[in-house]
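This report refers to the structure that appears directly beneath it.
In the numbering used here, the protein residues as written are 1 to 323.
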């Protein structure tokens with residue numbers, strides 16, 4: 001996809017603040033000096049069996065891109081692919097109800113949508129938000145010495161893969177669902193009060209993939225400390241048993257010549273750092289002197305998994321090192 005995007009003609013406009021050049025989480029377009037719109041879209045196939053929960057998770061995942069940019073989501077359009085000849089239409093109703101409830105929780109109005117008949121269920125949302133043009137958090141801009149904070153535990157891909165094979169425990173599944181269905185709105189609101197240099201949400205490229213995007217765009221090297229990574233219930237054990245997504249394997253192949261992984265890092269933690277996340281946490285970079293206070297406030301506001309997982313140094317041979 002990245003190769004395709006780079007081959008397309010670039011759109012240029014005086015009011016285009018964020019486009020596709022840096023693989024940012026959303027596009028930002030200035031309407032006036034004090035107001036810009038933030039646009040994003042995301043949809044995917046079910047990763048849990050319960051249609052209502054799937055709707056909630058898909059909506060939270062789509063909304064996350066707006067929160068990662070520091071924006072406030074306002075409206076949503078449903079995107080639906082559904083095999084109406086093979087499946088009870090009530091399933092679709094439950095999916096849409098889950099999405100609507102999560103949108104309502106975020107203060108977002110669902111204003112419509114579009115559906116097509118397909119062989120497989122797919123659901124998500126196109127989200128429009130607002131932001132001040134001077135207060136956009138991009139995935140570039142990290143400075144040497146910055147601390148890196150992650151706001152959600154890792155392992156959703158590993159756990160949902162184990163679920164498909166009947167090997168995920170009730171506790172692991174509950175932890176993964178709770179994490180995926182949790183909005184990043186609180187984390188976004190809290191970080192807006194700090195001198196954040198860069199932010200992105202951790203999704204399909206895994207922690208290491210999104211860290212690479214941030215590091216390469218900022219011309220720094222990010223040191224990620226494997227011992228500090230927050231993990232969902234029994235994620236490491238499931239990774240050891242080989243419950244890995246196809247996305248994890250693709251991420252490893254793509255990143256193998258672009259990052260450095262120390263030999264001392266346990267393989268289960270490597271797999272977890274490569275694991276594609278659904279509705280993952282925010283990866284925030286800010287001056288180290290503010291990191292402890294931000295983590296404490298995040299935890300006090302209910303973002304309990306928040307922790308410092310690494311730091312930025314001057315650019316080295318590899319843009320990302322997992323140690």
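Cβ atoms here follow ideal geometry from the backbone N, Cα and C, with glycine treated the same way. Given the structure is predicted, the values throughout are model-derived calculations rather than measurements.
Residue environment, residue 139, which counts as buried when at least 16 other CB atoms sit within 10 Å: What you label residue 139 is simply residue 139 of the chain shown in a count that begins at 1. The residue in question, residue 139, is buried, as its Cβ has 16 or more Cβ neighbours within 10 Å.
For residue 122, the residue or residues it bridges with in DSSP: On the chain shown, position 122 is the one that residue 122 refers to. Paired residue(s): 81.
Between residue 73 and residue 129, is the Cβ-Cβ spacing less than 8 angstroms? Translated into positions along the chain shown, residue 73 becomes position 73. Translated into positions along the chain shown, residue 129 becomes position 129. Yes.
Exposed or buried, which one is residue 323 when buried takes at least 16 other CB atoms within 10 Å? Here residue 323 corresponds to residue number 323 of the chain shown, with the count starting at 1. Exposed, by the Cβ-count rule.
Taking all protein chains shown into account, do 16 or more other C-beta atoms lie within 10 angstroms of the C-beta of residue 46, making it buried, or fewer, making it exposed? In the chain shown, the residue the question calls residue 46 occupies position 46. Classification of residue 46: buried, given that the 10 Å Cβ count is 16 or more.
Is residue 290 helix, strand or coil when you go by DSSP? Taking the first residue of the chain shown as 1, we reach residue 290 at position 290. Note: residue 290 maps to helix in three-state DSSP.
Please list, in chain order, all residues of the same chain as residue 262 whose beta carbon is under 6 angstroms from its beta carbon, the five residues on each side excluded. The residue given as residue 262 occupies position 262 in the chain shown. Around residue 262: 323.
Backbone CA spacing between residue 16 and residue 57 [nearest angstrom]: Residue numbering aside, residue 16 sits at position 16 when the chain shown is read from its first letter. Residue numbering aside, residue 57 sits at position 57 when the chain shown is read from its first letter. Looking at the two C-alpha atoms, the distance is approximately 30 angstroms.
8 angstroms contact criterion, which residue 22 and residue 280 should meet: CB distance rounded: What you label residue 22 is simply residue 22 of the chain shown in a count that begins at 1. What you label residue 280 is simply residue 280 of the chain shown in a count that begins at 1. In fact, because the Cβ distance is near 19 angstroms, the residues do not count as touching under 8 angstroms.
Please report the residue range of the beta strand (DSSP E) in which residue 36 lies. Numbered from its first residue, the chain shown carries residue 36 at position 36. Counting along the chain, the beta strand (DSSP E) containing residue 36 begins and ends at 35 to 44.
Between the CA atoms of residue 143 and residue 25 - distance to the nearest angstrom: For this step, residue 25 is matched to residue 25 along the chain shown. For this step, residue 143 is matched to residue 143 along the chain shown. Whole-angstrom Cα-Cα distance: 20 angstroms.
CA-CA distance, residue 214 and residue 301? On the chain shown, position 214 is the one that residue 214 refers to. On the chain shown, position 301 is the one that residue 301 refers to. Cα to Cα, residue 214 sits roughly 26 angstroms from residue 301.
Residue 84 and residue 117 look like a contact to me (Cβ under 8 angstroms); what is the Cβ gap, rounded to whole Å? Here residue 84 refers to the residue found at position 84 of the chain shown. Here residue 117 refers to the residue found at position 117 of the chain shown. Yes, they are in contact, since the Cβ atoms of residue 84 and residue 117 sit about 6 angstroms apart, within 8 angstroms.
Could you check if residue 111 is buried or exposed, using at least 16 other CB atoms within 10 Å of its CB as the buried criterion? Within the chain shown, the letter at position 111 stands for residue 111. With a threshold of 16 other beta carbon atoms within 10 Å, residue 111 falls short and is exposed.
Out of 42, 199 and 59, state which residue places its alpha-carbon closest to the alpha-carbon of residue 69. What you label residue 69 is simply residue 69 of the chain shown in a count that begins at 1. For the residues 42, 199 and 59, the minimum Cα distance to residue 69 belongs to 199.
Could you tell me the distance, in whole angstroms, from the CA atom of residue 145 to the CA atom of residue 289? In the chain shown, the residue the question calls residue 145 occupies position 145. In the chain shown, the residue the question calls residue 289 occupies position 289. Residue 145 and residue 289: Cα-Cα distance of roughly 9 angstroms.
Quick check: the Cα distance between residue 158 and residue 14, rounded to an integer number of angstroms? Taking the first residue of the chain shown as position 1, residue 158 is located at position 158. Taking the first residue of the chain shown as position 1, residue 14 is located at position 14. So the alpha carbons of these two residues sit roughly 43 angstroms apart.
Extent of the continuous alpha helix (DSSP H) run through residue 307: Within the chain shown, the letter at position 307 stands for residue 307. Residue 307 -> not in any alpha helix (DSSP H); beta strand (DSSP E) instead, spanning 307 to 314.
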